[in-house]
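Taking numbering that gives the first Met the number 0, I'd label the letters of the sequence shown as residues 0 to 365.
As structure tokens, the structure follows; a few thoughts come after it.
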Amino acid sequence: MLFIYKALTKEGRETQGELQATNRQVAIEYLQRDNLTPLFIEEKGSFEKRKASIFNFTFGNRVSALDRMFLTRHLSAILKSGINLREALEILEDDVQKPIMKKILKDARINLERGQPLSVTFQVYEKHFSSVFIGLVKAGEVSGNLEGTLENLGMQLQRDYDLKKRVQSAMIYPLILLGASSLIVVLLLTFVMPRLIKALTQAKVVLPLITRVLIGLSKILSANPILTIIVFLALIISAITFFQNKQGRQFFISIMERLPVSKNLIKKLALSRFAITLRNLLNSGVSAVEALNITAKTIGNEKYERALLDIEAELRKGAPLHEVFKKRGNLFPHLVISVIAVGERTGTLENSLKAIFPRLPQKQWF
0 MLFIYKALTK
10 EGRETQGELQ
20 ATNRQVAIEY
30 LQRDNLTPLF
40 IEEKGSFEKR
50 KASIFNFTFG
60 NRVSALDRMF
70 LTRHLSAILK
80 SGINLREALE
90 ILEDDVQKPI
100 MKKILKDARI
110 NLERGQPLSV
120 TFQVYEKHFS
130 SVFIGLVKAG
140 EVSGNLEGTL
150 ENLGMQLQRD
160 YDLKKRVQSA
170 MIYPLILLGA
180 SSLIVVLLLT
190 FVMPRLIKAL
200 TQAKVVLPLI
210 TRVLIGLSKI
220 LSANPILTII
230 VFLALIISAI
240 TFFQNKQGRQ
250 FFISIMERLP
260 VSKNLIKKLA
270 LSRFAITLRN
280 LLNSGVSAVE
290 ALNITAKTIG
300 NEKYERALLD
310 IEAELRKGAP
320 LHEVFKKRGN
330 LFPHLVISVI
340 AVGERTGTLE
350 NSLKAIFPRL
360 PQKQWF
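Structure follows, in structure tokens:
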């Protein structure tokens, strides 16, 4: 069988390619033998089939944010009760109902019995678990404090979920207004404009260009009501499909950042993810440079992603961390920059950051 894979080298660089293996587990072992950390592995045929599909409605095969919260919190609680990891996975496997979660937990248990750590299974299911999630689990395994790491990860997922819900709630009203306005425009063009057209035609007046365009559009819509409905539904489906991919999400975020009702919430979401993710990675033993790289790729905001990757690059060249953050004062609060500057004088960069971010109450970011 031919597999497509993405993996990390020992230097932290991402690589991808194809390899022959009898099954997915053997493919993972081949990559690990070559000192590669698997991020994504899938049989080429099924990957291409899934990629070619326009609509991929896999509700039962999608791991939601609530599923990840359930997994981390329950697994942490079971481990703290003294039950070993294999038995904990077996308990959760029997408890969950969603097929994809059952499969992940079963694979994790089987891999554990074969001597593979839990993080390897999450790497195989990379499309369901972020690199932060996988990195924190791996750090917890190395440090011997997996249950504590899972508990912190569950809290991070909860905060992220709550902020997302706040953003979504803030956007419900504007989206309802937008939808209602669009529907009213279509109804006016379809049913009201034809009567006005008749009156204007009888008056024999010279009409402006924009009025003539509206009249032409109204004639098309009123003459083909079924086509109008089809086009309207097609536009809605196209918009939903567009906003499901990365480019669409970033376009949506860029619009939201310009609206008074949502721009502050969008910034809060990005800053909260930055603070919590970076803090948890550093507390788990990940180096500052690697933590910035992982945080950038999972923050979900292109503007902050570019800024953090630029900060990482300057940090590798030896620039002081507070200076590179200071250059981007429009994105990061003055409080953060000031505390980083103080923290850098207290010891190593990693220890400074680990000491700094836990002191910052969430409300002070905003």
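Think of the CB as a built atom: it goes at the ideal place given N, C-alpha and C, for glycine as much as any other residue.
Would residue i pass as a contact of residue j if the rule is Cβ separation under 8 Å?
{"i": "A269", "j": "N300", "result": "yes"}
{"i": "V131", "j": "I265", "result": "no"}
{"i": "S261", "j": "A138", "result": "no"}
{"i": "V119", "j": "I40", "result": "no"}
{"i": "T227", "j": "T189", "result": "yes"}
{"i": "I214", "j": "M192", "result": "yes"}
{"i": "T8", "j": "L30", "result": "no"}
{"i": "M255", "j": "L156", "result": "no"}
{"i": "A287", "j": "Y160", "result": "no"}
{"i": "L308", "j": "P173", "result": "no"}
{"i": "L208", "j": "L199", "result": "no"}
{"i": "Q122", "j": "I133", "result": "yes"}
So which of the options has the shortest CA-CA distance to residue i?
{"i": "L152", "options": "R278, V288, E89", "result": "R278"}
{"i": "N90", "options": "L74, I252, G178", "result": "Inspection of the sequence shows that residue 90 is occupied by Ile rather than by Asn. Among L74, I252, G178, the Cα nearest to that of I90 belongs to L74."}
{"i": "L135", "options": "T297, L174, G317", "result": "T297"}
{"i": "S217", "options": "D106, L195, A202", "result": "L195"}
{"i": "L429", "options": "R85, M100, E92, K101", "result": "No answer is possible for residue 429: the residues shown for the chain start at 0 and end at 365."}
{"i": "R108", "options": "I99, A87, L281", "result": "A87"}
{"i": "R305", "options": "A287, L104, F324", "result": "F324"}
{"i": "F128", "options": "T71, E289, I229, L182", "result": "T71"}
{"i": "S221", "options": "Q201, N244, L187, L234", "result": "L187"}
{"i": "T276", "options": "M154, M0, Q201", "result": "M154"}
Note down the Cα distance separating residue i from residue j, rounded to an integer number of angstroms.
{"i": "A20", "j": "N83", "result": "32 Å"}
{"i": "K50", "j": "F2", "result": "Unreliable positioning characterises K50 in this predicted model, as indicated by a pLDDT of 47, which lies under 50. A coordinate reading is not provided."}
{"i": "I236", "j": "S142", "result": "47 Å"}
{"i": "E311", "j": "L334", "result": "20 Å"}
{"i": "E17", "j": "K5", "result": "9 Å"}
{"i": "T57", "j": "K101", "result": "For T57, the predicted model reports a pLDDT of 42, less than 50, meaning its position is unreliable and no value from the coordinates is stated."}
{"i": "I175", "j": "E343", "result": "48 Å"}
{"i": "T294", "j": "G81", "result": "32 Å"}
{"i": "N263", "j": "F251", "result": "15 Å"}
{"i": "K79", "j": "E146", "result": "6 Å"}
{"i": "P319", "j": "Q24", "result": "43 Å"}
{"i": "R158", "j": "S180", "result": "34 Å"}
{"i": "I171", "j": "G178", "result": "11 Å"}
{"i": "E313", "j": "K326", "result": "11 Å"}
{"i": "N60", "j": "Y124", "result": "11 Å"}
{"i": "R248", "j": "F241", "result": "8 Å"}
{"i": "E140", "j": "D106", "result": "18 Å"}
{"i": "W364", "j": "N22", "result": "Below a pLDDT of 50, predicted positions are generally treated as unreliable, and W364, at 41, falls in that range; no measurement from the model is reported."}
{"i": "N223", "j": "K197", "result": "18 Å"}
{"i": "R32", "j": "L291", "result": "28 Å"}
{"i": "K48", "j": "I77", "result": "Only weak support is given to the placement of K48: the predicted model assigns it a pLDDT of 48, under 50, and the value that follows is read from those uncertain coordinates. Their backbone Cα atoms lie some 39 Å apart in a straight line."}
{"i": "K203", "j": "K164", "result": "55 Å"}
{"i": "Q15", "j": "K126", "result": "15 Å"}
{"i": "F54", "j": "I225", "result": "Bear in mind that a pLDDT of 37 at F54, under 50, signals an unreliable position, so the number given afterwards is only what the model happens to contain. For F54 and I225, the distance between alpha carbons rounds to 23 Å."}
{"i": "I386", "j": "K316", "result": "Only positions 0 to 365 of the chain appear in the structure, and residue 386 is not among them; the question remains open."}
{"i": "V341", "j": "P332", "result": "15 Å"}
{"i": "S52", "j": "A233", "result": "Low confidence applies to S52: its pLDDT is 41, below 50, so where it sits in the model is not reliable enough to give any reading."}
{"i": "H321", "j": "N244", "result": "34 Å"}
{"i": "N144", "j": "N110", "result": "20 Å"}
{"i": "K267", "j": "Q246", "result": "21 Å"}
{"i": "E150", "j": "I99", "result": "22 Å"}
{"i": "L182", "j": "E289", "result": "49 Å"}
{"i": "R211", "j": "I229", "result": "24 Å"}
{"i": "D94", "j": "S168", "result": "31 Å"}
Measuring only from the beta carbon, is residue i closer than 7 Å to any heavy atom that is part of the ligand ZN?
{"i": "I236", "result": "Looking for the ligand ZN in the displayed structure turns up nothing, as the structure carries no ligands at all."}
Pull up the CB-CB distance for residue i and residue j, whole angstroms please, since I reckon it's below 8 Å.
{"i": "V185", "j": "F231", "result": "6 Å"}
{"i": "D66", "j": "K43", "result": "Not really, about 27 Å apart at Cβ, beyond 8 Å."}
{"i": "L162", "j": "S271", "result": "5 Å"}
{"i": "I336", "j": "G328", "result": "7 Å"}
{"i": "E92", "j": "L104", "result": "4 Å"}
{"i": "L281", "j": "Y303", "result": "Not really, about 18 Å apart at Cβ, beyond 8 Å."}
Flag residue i as yes if its beta-carbon sits less than 8 Å from any beta-carbon of chain C, otherwise no.
{"i": "I77", "result": "Of the protein chains in the structure, only one exists, and it is not chain C."}
### Query
At which residue ranges does the stretch 158–220 contain complete alpha helix (DSSP H) runs of 4 or more residues, listed in the order of the chain?
Whole alpha helix (DSSP H) segments, 4+ residues: 192–202.
### Message
Just to confirm the assignment: which complete alpha helix (DSSP H) runs, minimum length 4, are found wholly within the stretch 248–290?
### Response
Runs of the alpha helix (DSSP H) spanning 4 or more residues and lying entirely within the stretch 248–290 occur at 262–282, in chain order.
### Query
Where are the alpha helix (DSSP H) runs, 4 residues long or more, that stay fully inside the stretch 72–128, in chain order?
The stretch 72–128 contains these whole alpha helix (DSSP H) runs: 84–94, 98–112, 117–123.
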